[in-house]
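Counting along the sequence shown from 1, when you hit position 138 you're at 137 in numbering that gives the first Met the number 0, and nothing is skipped either side.
Comments concern the structure below.
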Amino acid sequence: MKHLPQSKFVSYLIRINKLNACDFDRFILFQGMMFGSEKKWWGTKGIRRSLHEGLDLCFFTNTRNEYFRLDETVKVPMLYDGRVEHITEDFLGKTVITSHCFDDPDQPALLSLFGHLNPGKNLKIGDEIKQGQVFAKISGFENKKQILLPHLHISLTKSDLLPPANCLEWEFLNRVDRSVFMDPLKAISPKYSIIEHDDELDVSKVFTRCSQFKAAQN
0 MKHLPQSKFV SYLIRINKLN ACDFDRFILF QGMMFGSEKK WWGTKGIRRS
50 LHEGLDLCFF TNTRNEYFRL DETVKVPMLY DGRVEHITED FLGKTVITSH
100 CFDDPDQPAL LSLFGHLNPG KNLKIGDEIK QGQVFAKISG FENKKQILLP
150 HLHISLTKSD LLPPANCLEW EFLNRVDRSV FMDPLKAISP KYSIIEHDDE
200 LDVSKVFTRC SQFKAAQN
């Protein structure tokens, strides 16, 4: 697979969660949220123990330069048509691992790993999910020390580069060579801006919860 197929994931995310009520314009990404970054974007910042193997989505802005963030009310649509292969714990919720096969049967399946989720209560291994179909919400980190705001993590890899999907756990994935992963930005191609994280910036106050803003509009 030389190129990642383009997904309408962002369009589905905006429509399903009515983010146009916030006049959604683009994502805001701190350097540490991006694929391959060595930086943290939370807590005391600093350096990660290993390069970031995916993409974190949380913050966005509108055309009036007002700032918002995704929260635990946000429904998560599937990236491509696929089959749920594994559901495992991560340090902020659960990760859903899905295989995606495209036109060439000789090519290994693409695996998407959506992390920090609260999966749908009926979601199970073997379920066939269509692109754009809601399968989870972002985790609210209930009963966990909140060192991070609720956000969505996406990782992509090929099925032939790792052990079987139903064996994958983050204890292993955190140690695996980062060359097996691909940049999710190339699959979803969103509008975004990269900004430097100011240590004095209190993101929980500067970025309004999207659900709070939408409720105020009703």
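All C-beta atoms, glycine included, are put in the ideal place defined by N, C-alpha and C.
Enclosing alpha helix (DSSP H) for residue i [first to last residue]
{"i": "leucine 172", "result": "169–172"}
{"i": "phenylalanine 11", "result": "Correcting the residue identity first, residue 11 is tyrosine in this sequence and not phenylalanine. Its alpha helix (DSSP H) spans residues 8–15."}
{"i": "phenylalanine 34", "result": "Careful: phenylalanine 34 lies outside any alpha helix (DSSP H) and carries neither H nor E."}
{"i": "phenylalanine 67", "result": "Premise fails: phenylalanine 67 lies in the beta strand (DSSP E), 66–68, not in any alpha helix (DSSP H)."}
{"i": "serine 203", "result": "202–205"}
{"i": "cysteine 209", "result": "209–216"}
One or two residues paired with residue i in a DSSP bridge
{"i": "phenylalanine 26", "result": "Phe59, Tyr191"}
{"i": "valine 75", "result": "Ala135"}
{"i": "leucine 54", "result": "Ile153"}
{"i": "glutamate 88", "result": "Lys93"}
{"i": "glycine 81", "result": "Ile128"}
{"i": "lysine 38", "result": "Ile46"}
Sequence-distant residues of its chain with Cβ nearer than 8 angstroms to residue i (five each side left out)
{"i": "tryptophan 40", "result": "Phe29, Gln30, Gly31, Met32, Asp55, His196"}
{"i": "isoleucine 128", "result": "Met77, Asp80, Gly81, Arg82, Val83, Thr97, Phe134"}
{"i": "aspartate 159", "result": "Pro107"}
{"i": "isoleucine 124", "result": "Val83, Glu84, His85, Ile86, Asn165"}
{"i": "leucine 21", "result": "At residue 21 the sequence reads cysteine, which differs from the leucine that was named. So the qualifying residues of the chain are Phe59, Asn61, Glu65, Phe67, Cys209, Phe212, Lys213."}
{"i": "arginine 47", "result": "Gly31, Ser36, Glu37, Lys38, Lys39"}
{"i": "phenylalanine 227", "result": "Any question about residue 227 goes unanswered here, given that the chain covers just 0 to 217."}
Element boundaries [beta strand (DSSP E), containing residue i]
{"i": "serine 98", "result": "92–99"}
Same chain, Cβ closer than 6 angstroms to residue i, neighbours up to 5 away in sequence not counted
{"i": "asparagine 142", "result": "A caution first: asparagine 142 carries a pLDDT of 44, below 50, which makes its placement in the model unreliable, though a value can still be read off. There are no such residues."}
Burial state of residue i (16 or more Cβ within 10 Å)
{"i": "asparagine 165", "result": "exposed"}
{"i": "lysine 136", "result": "buried"}
{"i": "alanine 215", "result": "exposed"}
{"i": "leucine 155", "result": "buried"}
{"i": "phenylalanine 171", "result": "exposed"}
{"i": "phenylalanine 101", "result": "exposed"}
{"i": "leucine 116", "result": "buried"}
{"i": "valine 75", "result": "buried"}
Cβ shell of residue i (< 7 angstroms), same chain only, five flanking positions each side left out
{"i": "arginine 208", "result": "Arg68, Asp70"}
{"i": "asparagine 19", "result": "Ile13"}
{"i": "aspartate 89", "result": "Gly114, His115, Trp169"}
Residue i at chain C interface by Cβ criterion, 8 angstroms
{"i": "threonine 94", "result": "Structure shown: chain C not included; a single protein chain is present."}
Restricting to runs no shorter than 3 residues, where is the beta strand (DSSP E) found entirely within the segment 106–185? Correct list: 109–118, 133–137, 151–157.
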